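The next block holds one structure in the form of structure tokens; read it before the comments.
Chains as they are written, first to last, in our numbering: chain A, 398 to 845; chain B, 398 to 845.
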């Protein structure tokens, strides 16, 4: 595949400029900004590869899925990506504007460059390089590019469960993946699920002078008290019945875990902390990170949050709470347990809005697609990949693949410092181009 | 005083227009907006009354105090007002813009119209009416109009304690006051104090993907847990040593309380609640309202608070917490107790910024100025006034008057529905003009 790699080198600058066009287009599924424009950009790129492209309407209010089919062969590879990104806020912490992709110190910065426009564009460029240097693709590709991954893919699950024939494949390449800080390859075979809720309370008709705090119920306090029943300061999730549904890792899981290097010190330095929560460290911390659920207050707001003081008693309060789910927690069950828990603890006044969920997913570590990815990684990076039985992040791996018994593998061009979902999201350019080599080699190994 | 009252009637429309000029000028001490312009408007009005006016610089960063002296006589009346207002947010809940004073249904709406630009302007107009119809004022007036009452008058206390001669008087008329829903007069003889703090925590260098909620400390959770140690869901303030400093009401206090009508049903309807907090009702509710301290979350913010979902682990969280203080709680002591409490409960990571405080104040119910106000109220409103030993709200009554043994009375033209500190703040115009009559009669009674 020398000519393939040479092509990547020759097109280095052009590929970076092309990547910038994806990242310069806002596509924030949480607000709807730029979604139609971004879907069209993706469609054009797929057409450029010679793909047949359908824009799937998967449900009311959902941005279209760009569904592309291309190539021929005995094997069928399902590729999953998404073209939406997280909101860019807080804007003031970006060193360059989130939608003006910028090269600095060998990195490319911009919202979505890692998660996962770089991965989507990288695969497009890798296939183009294959076609230019080796001709026909070695397998059939079904490419499913959705537009609401960052908002929990609300309509995806019913659509995918109703259209298994569309997705049928020998294996699924997941949206993105990491190398280590040192640049060594990793694979992952599963993903946590998610339940995301918005809790609101209205305690009064309208805001009042805080002198009435003697008598009038305070929305901010109601919410604070309700939240404090969900998780203890020692990080124990207290929702009745929640932890009972968390499965213990299997022996195979623990064997995989034991071979995962965990550079705690650099991770702590990156976060600016000197210890982890819940008193864990070393292997216990890694095990917790991969196999325990979370309960995170992603946002909270009530009353006056401007400069200085305002002596107001707030009528309304709101919190956004996300749960990362491990087997066998299910999103609908979590919302149901939460409602019962709040009611039991006297918080019937707290409203729950279900903003979406994902099943957790774990895939077969012995599947051919996993072996193909491992072989490709060994060849490109010169070392055997580190294999994660599950990643700590979330995606719709269950409805896309695991529910249809399609084995999944994820790998990619990110690294632990990419600032995913945060200001100054970036990729290292060297990782990007190594990632393009990896995609080509993986296609070859997968199609053998 | 027939000619005095006739003058008020003749100048009705002109007085309303003049009041609007005060309310149209923003003067938000929390942000600094319009403070210099408002101070100058007040100065011009005082000069128009023939007063000698000094603009007092009471400390770095404070807006000037407009200090006016006028009139001659054996008695000296100190009047306290302020020309700043609360921030107008949330703007979307105003039916007419907060700084475009508007007449609707016999009311005048606008930020600050009740608290307390209407009261300040009403006294200016009352004095002008006196001068126009009865000539020389019957007493000497010292008028202290400050510009940061709504932000806890941070520099006022040291200035006032250092300049007792400036304030020396036979009695002090406080900034504002209420009539009842039915229009009956009330007096108050004290005010709660205040401690206002901003609590902040930074748990990480920067925001992270919420997948790291397994290991990385979460600022929103740290703040939620810390807050939940301050007050229990049954409304007990849990800060170690706080409640021990709350004095029981005296027999005189309870006698005054017993004669205060408490229209619980209409207050509940106004707030949109069917019961009070802490299980109180009737006399116990009134006693709690007047004689118990509060702990209110006036604002809280962390993470993503926009539309939809963002799966972020927030590095920073902030809460604004106010305490209304009753004797013998003191602001500096409260901040000190709070620090010790947070440390003791493991929240050394929560930073406290002291945004200002006020001492609570209680004044002598038998003072001549109280008798003068009661006599005037009886004459103008036709009934004996209801007397509150203390009001639930706060003002710098201690450094202005009580610390110098100057007895205090407050009365005015507000009513319980004015939406103080909230959207759609207003005064009933009928109350406004009755209030102007009351000021004239009070000057006469006070000077006897």
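Quick reminder that beta carbons are idealized off the backbone N, C-alpha and C, glycines included.
Only a predicted model underlies this, so the values are computations on that prediction, with no experimental measurement involved.
Proximity below 9 Å, CB of residue i to CB of residue j
| i | j | result |
| --- | --- | --- |
| residue 762 of chain A | residue 725 of chain A | no |
| residue 774 of chain A | residue 781 of chain A | yes |
| residue 797 of chain B | residue 567 of chain B | no |
| residue 386 of chain A | residue 538 of chain A | Nothing in the structure corresponds to residue 386 of chain A, since chain A is present only between 398 and 845. |
| residue 406 of chain A | residue 481 of chain A | no |
| residue 832 of chain B | residue 810 of chain B | yes |
| residue 766 of chain A | residue 843 of chain A | yes |
| residue 742 of chain B | residue 511 of chain B | no |
| residue 525 of chain A | residue 476 of chain A | no |
| residue 534 of chain B | residue 469 of chain B | yes |
| residue 703 of chain A | residue 717 of chain A | no |
| residue 818 of chain B | residue 611 of chain A | no |
| residue 584 of chain B | residue 770 of chain B | yes |
| residue 719 of chain A | residue 593 of chain A | yes |
| residue 642 of chain B | residue 730 of chain B | yes |
| residue 603 of chain B | residue 816 of chain A | yes |
| residue 755 of chain B | residue 786 of chain B | no |
| residue 737 of chain B | residue 638 of chain B | yes |
When the options are compared against residue i, the one with the closest alpha-carbon
| i | options | result |
| --- | --- | --- |
| residue 605 of chain B | B/699, B/532 and B/584 | B/699 |
| residue 587 of chain A | A/572, A/828 and A/839 | A/572 |
| residue 692 of chain A | A/648, A/401, A/721 and A/770 | A/721 |
| residue 654 of chain B | B/789, B/673, B/536 and B/734 | B/789 |
| residue 633 of chain A | A/431, A/674, A/684 and A/535 | A/674 |
| residue 446 of chain B | B/839, B/523 and B/663 | B/523 |
| residue 541 of chain A | A/497, A/842, A/787 and A/794 | A/794 |
| residue 840 of chain A | A/641, A/601 and A/569 | A/569 |
| residue 560 of chain A | A/800, A/837 and A/727 | A/800 |
| residue 474 of chain B | B/830, B/820, B/834 and B/806 | B/806 |
| residue 465 of chain B | B/556, B/458, B/563 and B/551 | B/563 |
| residue 708 of chain A | B/408, B/491, B/614 and B/753 | B/753 |
| residue 479 of chain B | B/670, B/641, B/435 and B/618 | B/435 |
| residue 487 of chain A | B/711, B/837, B/835 and B/728 | B/711 |
| residue 631 of chain B | A/589, A/713, A/613 and A/825 | A/613 |
| residue 618 of chain B | A/444, A/768, A/638 and A/694 | A/694 |
| residue 652 of chain A | A/776, A/784, A/409 and A/574 | A/784 |
| residue 777 of chain A | A/670, A/834, A/429 and A/640 | A/834 |
Same chain, Cβ closer than 7 Å to residue i, neighbours up to 5 away in sequence not counted
| i | result |
| --- | --- |
| residue 454 of chain B | 461 |
| residue 553 of chain A | 455, 543, 793 and 796 |
| residue 401 of chain B | 526, 527, 530, 531 and 837 |
| residue 556 of chain B | 455 and 456 |
Sequence-distant residues of the same chain with beta carbon closer than 6 Å to residue i, five excluded per side
| i | result |
| --- | --- |
| residue 747 of chain A | 596, 598, 623 and 739 |
| residue 485 of chain B | 495 and 508 |
| residue 646 of chain A | 688 |
| residue 493 of chain A | 499 and 506 |
Neighbour-count burial assignment, residue i, 16 or more Cβ in a 10 Å radius
| i | result |
| --- | --- |
| residue 723 of chain A | buried |
| residue 845 of chain B | exposed |
| residue 649 of chain B | exposed |
| residue 513 of chain A | buried |
| residue 779 of chain B | exposed |
| residue 399 of chain A | exposed |
| residue 501 of chain B | exposed |
| residue 668 of chain A | buried |
| residue 414 of chain A | exposed |
| residue 706 of chain B | buried |
| residue 364 of chain B | Shown here, chain B extends from 398 to 845; a query on residue 364 of chain B therefore has no answer. |
| residue 680 of chain A | exposed |
Neighbourhood of residue i by C-beta distance below 8 Å, restricted to the same chain and skipping five residues each side
| i | result |
| --- | --- |
| residue 403 of chain B | 530 |
| residue 828 of chain B | 576, 580, 810, 811 and 812 |
| residue 498 of chain A | 416, 417, 420, 421, 505, 506, 507 and 510 |
| residue 664 of chain A | 813 |
| residue 759 of chain A | 586, 587, 724, 786, 787 and 799 |
Q: At 3 residues or longer, and completely inside the segment 745-811 of chain A: list those beta strand (DSSP E) runs for me, N to C.
A: Correct list: 748-755, 783-785 and 788-791.
Q. Taking the runs of the alpha helix (DSSP H) that are 4 residues or longer, which of them lie wholly in the segment 521-595 of chain A?
A. Within the segment 521-595 of chain A, the complete alpha helix (DSSP H) runs of at least 4 residues are 553-559 and 561-564.
Q: May I have a chain-ordered list of the alpha helix (DSSP H) segments no shorter than 4 residues that lie completely inside the segment 427-510 of chain A?
A: Those alpha helix (DSSP H) runs which fall completely within the segment 427-510 of chain A and span 4+ residues are 432-445.
Q. Which ranges does the alpha helix (DSSP H) cover as unbroken runs of at least 4 residues, wholly within the segment 641-673 of chain A, from first to last along the chain?
A. Counting whole runs of 4 or more residues, the segment 641-673 of chain A contains the alpha helix (DSSP H) stretches 648-655 and 661-668.
Q | Whole runs of the beta strand (DSSP E) within the segment 689-726 of chain B, excluding any shorter than 3 residues | A | Within the segment 689-726 of chain B, the beta strand (DSSP E) runs of at least 3 residues that lie entirely inside it are, in chain order, 693-700 and 713-722.
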